[in-house]
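The opening residue of the sequence shown carries number 1 in the UniProt record's numbering; numbering runs sequentially from there. For glycine and all other residues, C-beta sits at the position ideal for the given N, C-alpha and C. All values reported here derive from a predicted model rather than from experimental measurement.
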Amino acid sequence: MDGEVRKQFQRSLEKQKMKFMLKTKVVSVDTTGSGVKLTLEPAAGGEQTTLEADVVLVSAGRTPFTAGLQLEKIGVETDKMGRILVNERFASNVLGVYAIGDVIPGPMLAHKAEEDGVACVEYIAGKEGHVDYDLVPGVVYTHPEVASVGKTEEQVIDLGVEYRVGKFPLLANSRAKAIE
1 MDGEVRKQFQ RSLEKQKMKF MLKTKVVSVD TTGSGVKLTL EPAAGGEQTT LEADVVLVSA
61 GRTPFTAGLQ LEKIGVETDK MGRILVNERF ASNVLGVYAI GDVIPGPMLA HKAEEDGVAC
121 VEYIAGKEGH VDYDLVPGVV YTHPEVASVG KTEEQVIDLG VEYRVGKFPL LANSRAKAIE
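Printed below as a string of structure tokens:
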């Protein structure tokens, strides 16, 4: 997420009384009569603190749905997360076995999987397929929503790419007016 967008997004969520404890790890969680008590410490190490809360929401990412497919029986290589390893043409190490979308490395997004699928079928048909992952949008479904497409400003700076910044006021967007 772009740095400027990230800061504005965090400010917006903080106005909704959300508290951010970045670079912090949970050491333990104990259930109490009225909720939970967490023991926390800085990720880099240091003094532990406690936090009491009504509930704990754990968001630890997504995993590919490959368990039970018995990929090992035919020798399909996977990584430690269970994702199928493929080449640039979506072919696995086993002849005739292709994989796309959520079961291969990369963002687990439906529209990314759709683009993968089109390119994969083009390759299978002997044509040249292509997915430009910089053009696949990403969305955080919160209030407010955050969406992005392409590289962040920080990424183009790191790549040494000449660029220009364009900004569009949210309130000029019809949808923003409708939900405001």
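L159: member of the alpha helix (DSSP H) spanning E153 to L159, first to last residue. Between V139 and E115, the gap from beta carbon to beta carbon reaches 7 Å or more.
Separation of the CB atoms of V86 and I104 is rounded to 5 Å, and the pair is thereby assigned contact status at 8 Å.
In its chain, beyond the 5 residues on either side, V27, S28, Q48 and T50 have a beta carbon closer than 7 Å to the beta carbon of T39.
Per DSSP, the unbroken beta strand (DSSP E) holding V36 starts and ends at G35 to P42. S12: member of the alpha helix (DSSP H) spanning G3 to K15, first to last residue. Judged by DSSP secondary structure, L51 falls within the beta strand (DSSP E) whose first and last residues are T49 to A53. In the three-state DSSP reduction, G101 falls in the helix class (H, G or I). The closest CA to that of P144, considering only S92, F9, E4 and M1, is found on F9.
The Cβ atoms of M108 and R62 sit closer than 7 Å to each other. For the set L57, V76, D54 and G82, the Cα lying nearest the Cα of F65 is the one of G82.
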